[in-house]
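Student:
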Amino acid sequence: NIWDKYELGNNFYHFIRALKISFKTFNKRNNNYKYDLLLMGSPVKIPVRIEAINALAKNIPTICIDHGNETGTEDNPAWGYDEQSYCSHFIGYGSVGAKAIKNGKYLQSLFNNNPKYIESNCTFIKNIYNHEEIQILGKDLSKLKLAYIPVKFMGIERLGPYLSISDEDYLEWQKYIFKHIKNLDYKAHPKQRNKYEFENIKIVRDSLESCINRYDCFVTDNVMSTAFTNIAATNKAIIYFNIGFGNLTECAEKVIRQRVIWIDVDISNPGSLLEKIEKRIDKKLINNYTKQFSIAGHSDDREETIIKTIKSIMAK
């Protein structure tokens, strides 16, 4: 029905044959080993997901450990059918993650099994979290050291449907930013595969964690990434150009709007970026995001939380 509805062509049987071969290969896996509990990272990869399904079918406790330094920012279908659908316990980050999952449109499990949410601390975020007031930019951006933090060019590897800007359009948008904001470093995404040439632009390939203190202000166009979570924990201003990437949960959008200088941009007609920034440059920024989405209501580090969760489950 799906194949016909979306008119995917005449190679239907080739597709079915590929699926059958794939499942036949997975079914040859060794089922002889036994365990009392399954601990896993993201079940995005099919072999991990199959292992989780086998464990759950045998009523074996299955713990999924979240990644990305936050939980509950993005309302993405993949987070519902991956992370939430194939576990009995979910170790997230901040306390608001449970509320975001419950109220999100796409974040619940496909099977209504509602894994138990366990909040935990992101160690890196907790170590760099700055409780001081966020710095005011001031009128002269040219005197500040700025870093642009993009998402990677994705090609066909997209977690749809909310990452739909083509690489070509995204590249032109990035060139537009650097044409209008001169004192800007390009902090390259660590997993970037596509190689695009940028003229007269300083490209920084150090990890964000190692260079986060070099800059006075950050510029980004995605607030649903690990990188954003990291920079949000500082007391430095963030200029966010909302060009349409991603789908925020309602509770995340509320506090992110408080944390950043939020500027909606139509990339087909961006206008003067500096004028848009200047209109909002005196905005007082407040960080309620980090303590809600990355930090737990207890002091245990993440490893301690995982160990306590395992002991609690196995004691029953």
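Numbering-wise, our numbering puts 134 at position 146 of the sequence shown, and it's gapless, one number per residue.
Using N, Cα and C, we set each Cβ at its ideal position, and we do this for glycine too.
No experiment lies behind these values; they were computed from the predicted model shown.
1. Return the residue from the list D54, N171, I9 and P65 that minimises the CA-CA distance to S30.
2. From W161, R37, K90 and G143, pick the residue whose C-alpha is nearest to that of F186; which is it?
3. What residue from R193, A40, G232 and S198 has the CA that sits closest to T208's CA?
4. Taking DSSP as the reference, what is the three-state secondary structure of C75?
5. Pull up the DSSP beta-bridge partners for W250, would you.
6. Quick one: residues in its chain with C-beta nearer than 7 angstroms to the C-beta of N276, no 5 flanking neighbours on either side, listed in chain order?
7. To the nearest angstrom, how far is it from the Cα of M28 to the Cα of H77?
8. Using the three-state DSSP reduction, which class does E62 fall into: helix, strand or coil?
9. Report all residues from its chain with a CB closer than 6 angstroms to the CB of N100; omit the five preceding and five following residues, and keep chain order.
10. List the endpoints of the continuous alpha helix (DSSP H) containing V207.
11. Pick out whichever of V211, N47 and K296 has its Cα sitting closest to the Cα of T61.
12. Going by DSSP in three states, V36 sits in which element: helix, strand or coil?
13. Report back the beta-carbon spacing between A135 and F229 to the nearest angstrom; my notes put them in contact at under 8 angstroms.
14. If I'm right that D204 touches K133 with Cβ under 8 angstroms, what's the distance once you round it to whole angstroms?
15. Would you mind giving the Cβ-Cβ distance between F112 and E197, rounded to the nearest angstrom? I have them listed as a contact below 8 angstroms.
Tutor: Reading off the structure:
1. One-based indexing of the sequence shown puts residue 30 at position 42. Nearest option by C-alpha distance: D54.
2. By 1-based counting over the sequence shown, the position of residue 186 is 198. The option with the nearest alpha carbon to F186 is W161.
3. Start at 1 with the first residue of the sequence shown, and residue 208 comes out as number 220. When only C-alpha atoms are compared, the closest one is G232.
4. For the purposes of this step, residue 75 is taken as the residue at position 87 of the sequence shown. Three-state DSSP puts C75 in coil, outside helix and strand.
5. Counted from its first residue, the sequence shown places residue 250 at position 262. Answer is Y228, bridged to W250.
6. For the purposes of this step, residue 276 is taken as the residue at position 288 of the sequence shown. Only V243 and Q246 meet the Cβ criterion.
7. Within the sequence shown, the letter at position 40 stands for residue 28. Within the sequence shown, the letter at position 89 stands for residue 77. Approximately 11 angstroms, taken between the alpha carbons.
8. Within the sequence shown, the letter at position 74 stands for residue 62. Strand, per DSSP.
9. Mapped onto the sequence shown, residue 100 falls at position 112. Contacts found: none.
10. To locate residue 207, count along the sequence shown from 1; it is residue 219. Here V207 belongs to no alpha helix (DSSP H); instead the beta strand (DSSP E) covers C205 to T208.
11. On the sequence shown, position 73 is the one that residue 61 refers to. Closest option to T61, Cα to Cα, is V211.
12. For the purposes of this step, residue 36 is taken as the residue at position 48 of the sequence shown. If DSSP states are grouped into helix, strand and coil, V36 belongs with the helices.
13. By one-based count along the sequence shown, residue 135 stands at place 147. By one-based count along the sequence shown, residue 229 stands at place 241. Going by Cβ atoms, the distance from A135 to F229 rounds to 14 angstroms, so no, they are not a contact pair.
14. What you label residue 204 is simply residue 216 of the sequence shown in a count that begins at 1. What you label residue 133 is simply residue 145 of the sequence shown in a count that begins at 1. Yes, D204 and K133 are in contact; Cβ-Cβ is about 5 angstroms, under 8 angstroms.
15. Within the sequence shown, numbered from 1, the residue matching residue 112 stands at position 124. Within the sequence shown, numbered from 1, the residue matching residue 197 stands at position 209. At roughly 7 angstroms, the Cβ-Cβ gap stays under 8 angstroms, so F112 and E197 are in contact.
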